[in-house]
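Following our numbering, the numbering of the sequence shown begins with 10 at its first residue and continues without gaps.
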Amino acid sequence: MSKQYIYTIADLTKKRGQREVLKNIWLAFYPGAKIGVLGRNGSGKSTLLRIMAGEDREFDGEARLTDGFTVGYLPQEPQLNAEKDVRGNVDEAVAHRRKLLEDFNQINERLAEPIEADEMEKLCDRLARVQDEIDATNTWDLDREIE
Numbered sequence: 010m011s012k013q014y015i016y017t018i019a020d021l022t023k024k025r026g027q028r029e030v031l032k033n034i035w036l037a038f039y040p041g042a043k044i045g046v047l048g049r050n051g052s053g054k055s056t057l058l059r060i061m062a063g064e065d066r067e068f069d070g071e072a073r074l075t076d077g078f079t080v081g082y083l084p085q086e087p088q089l090n091a092e093k094d095v096r097g098n099v100d101e102a103v104a105h106r107r108k109l110l111e112d113f114n115q116i117n118e119r120l121a122e123p124i125e126a127d128e129m130e131k132l133c134d135r136l137a138r139v140q141d142e143i144d145a146t147n148t149w150d151l152d153r154e155i156e
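Here it is in structure tokens:
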């Protein structure tokens with residue numbers, strides 16, 4: 010996979026009333042990037058993360074996730090399903106990552122069968138995209154992370 014940004018923020022400003030919480034922010038991330046957001050209380054850290062997750066759309070500027078990628082966001086006070094235990098809530102939160110592994114395995118199973126060349130090419134392209142996302146989200150180690 011060529012190095013392309015998977016998430017970009019350009020000239021982003023967020024206001025609460027007259028107060029600018031974020032002002033003229035410019036950021037870009039490569040696949041697999043590990044980021045940290047530091048700042049004093051009230052400086053806009055959680056606001057920035059909510060914008061990146063698509064939960065806050067009231068801002069000026071641009072925040073864009075590249076097609077084919079997703080953003081996960083765990084709020085400071087998560088809403089847990091009281092009918093599930095801790096493992097059940099965690100499994101629910103990582104369901105999209107678990108589906109990537111299932112898709113990867115299903116595509117490989119299909120590739121092991123006799124298929125036409127054009128279908129094989131499509132499956133190989135899809136497999137590459139799924140594997141790139143698994144690599145970028147470190148999903149290969151999902152079960153170890155959960156434990």
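Every residue gets a Cβ at the ideal spot worked out from N, C-alpha and C, and that includes glycine.
task: Name the residue from 155, 146, 152 whose alpha carbon lies nearest to the alpha carbon of residue 77.
output: Measuring from the Cα of residue 77, the nearest candidate turns out to be 146.
query: Since residue 144 contacts residue 41 with CB under 8 angstroms, what's their CB separation in whole angstroms?
result: About 7 angstroms separates the CB atoms of residue 144 and residue 41; that is less than 8 angstroms, so the two are in contact.
query: Going by beta carbon distance, what residues of the same chain come within less than 6 angstroms of residue 10, once the five residues before and after it are set aside?
result: Caution is warranted here: a pLDDT of 45 is assigned to residue 10, below 50, making its placement in the model unreliable, and the coordinate value is therefore given only provisionally. Around residue 10: 141.
Minimum length 3: unbroken beta strand (DSSP E) runs contained in the region 44 to 84: Counting only runs of 3 or more, we get 69 to 74.
task: For residue 134, I'd like the list of residues in its chain whose CB is within less than 6 angstroms of its CB, leaving aside the five on either flank, ordered along the chain.
output: So no residue of the chain qualifies.
query: Just reading off the beta strand (DSSP E) that residue 23 is part of, what are its end residues?
result: Run containing residue 23: 16 to 25, per the beta strand (DSSP E) assignment.
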